[in-house]
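Worksheet: one structure, shown below.
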């Protein structure tokens, strides 16, 4: 695909893959639906939030339903990173690694399951992940300390924005994707 | 407590099946910082999984809608009654916007057409055709290829089963 010339004029720009603003509705009987509007890239997050709030109110003026949430989906281009070009022969999305991290707020945890887990990183005869393995340890450390970016260190959190602190659980599980 | 932003990664296995996982991140960074963070943590994970990362991850940003007014579902509201708008981009491609729970008072009597003279309907059309003013400039709705919406093709009432992507 040829690279389009970028023309920026009062927010009009021509690049691929717009962002999406999603509006979720519920009616008086509890049934749900949604609609979405695509918007150009190149703005700050605060601008997209302003757009979402304004349009949500405009939608409510023609709708008898209730808007339950508005979210913005931003594409993150990973193509400049170093990743496998093809999946390994043994890759299976059902084979997962469950990681749980404590956060700085006691009782709140950050957890996720990594699909296509490499079982060579699991301790033989157990479902425990070998956190002493160099590559696993490097990932755990990166998650605990965050990733250094141009704007500062991005720490990982739970869904309520509590910063992840230390690894609690790391074990292999099998779950349907 | 604040709601964190959600970073969603898509990993594919050898048979072509996809699976996603999500990591949460703070809300205070620029989009470019999130791209760097996604690449950074993704590279660590790539080494310890068998699957292949797809080249586009997604950042989900929750918008605070606590200031919306009139945000209450009427008892007679129905997500299957839709205000169906179709717009056209400057390149002639269609862009559809279907708003659930249409207020039927906005439909012209004995027709399926929405009253485009009505201020609320006209406002929807205006924001799609001429954009929304934000602090960073005018934001113009567009199609997936970022081609701007240009004009309205139709605005009418439609019925559709709920739960479908609109």
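Protein chains in written order, with the working numbering: chain A, 3 to 179; chain B, 2 to 167.
Note that CB positions come from ideal geometry on N, CA and C, so glycine has one too.
Keep in mind it's a predicted model, so treat the numbers as computed, not measured.
The Cβ of residue 93 of chain A sits closer than 8 Å to at least one Cβ of chain B.
Against residue 54 of chain A, the close residues of chain B are 64, in the order they occur along the chain (beta-carbon pairs closer than 7 Å). Considering only B:24, B:80 and B:32, the residue with the shortest C-alpha distance to residue 102 of chain A is B:24.
Under the three-state reduction of DSSP output, residue 145 of chain A falls in the helix class.
Within the region 45-127 of chain B, complete beta strand (DSSP E) segments of at least 3 residues are found at 57-63, 82-90 and 95-101, given in chain order.
One alpha carbon belongs to residue 155 of chain B, the other to residue 59 of chain A, and they sit about 22 Å apart. When C-beta distances to chain A are compared with 8 Å, the residues of the region 138-160 of chain B below that value are 138, 139, 140, 141, 142, 143, 144, 145, 146, 147, 148 and 149, in chain order.
Between the region 10-29 of chain B and the region 57-74 of chain A, the count of C-beta pairs closer than 8 Å stays below three; the two stretches do not touch. Assigned with DSSP and collapsed to three states, residue 141 of chain B falls in coil, not helix or strand. In the structure shown, residue 170 of chain A falls within a strand segment according to DSSP collapsed to helix, strand and coil. At a cut-off of 8 Å between C-beta atoms, residue 113 of chain A does not count as an interface residue with respect to chain B. Here residue 105 of chain B is exposed: its Cβ has fewer than 16 other Cβ atoms, across all protein chains shown, within 10 Å. If you draw a straight line from the Cα of residue 154 of chain A to the Cα of residue 12 of chain B, it comes to about 27 Å. Around the beta-carbon of residue 32 of chain A, fewer than 16 other beta-carbon atoms lie within 10 Å, marking it exposed. Boundaries of the alpha helix (DSSP H) harbouring residue 61 of chain A: 47-62, taken from the DSSP string.
The three-state reading of DSSP puts residue 148 of chain B in coil, since its state is none of H, G, I, E or B.
Collapsing the DSSP output to three states places residue 175 of chain A in a strand.
Scanning chain A for C-beta atoms nearer than 9 Å to the C-beta of residue 88 of chain B yields nothing, as the closest lies near 10 Å away. Taking C-beta separations shorter than 6 Å and ignoring five residues to either side along the sequence, the partners of residue 86 of chain B in its chain run 98 and 156, following chain order. Out of B:158, B:159, B:111 and B:142, the CA that lies nearest to the CA of residue 20 of chain A is found in B:142.
For residue 80 of chain A, there is no enclosing beta strand (DSSP E), as DSSP gives it neither H nor E. Contact note: residue 123 of chain A reaches chain B through 49, using a C-beta cutoff of 7 Å and chain order.
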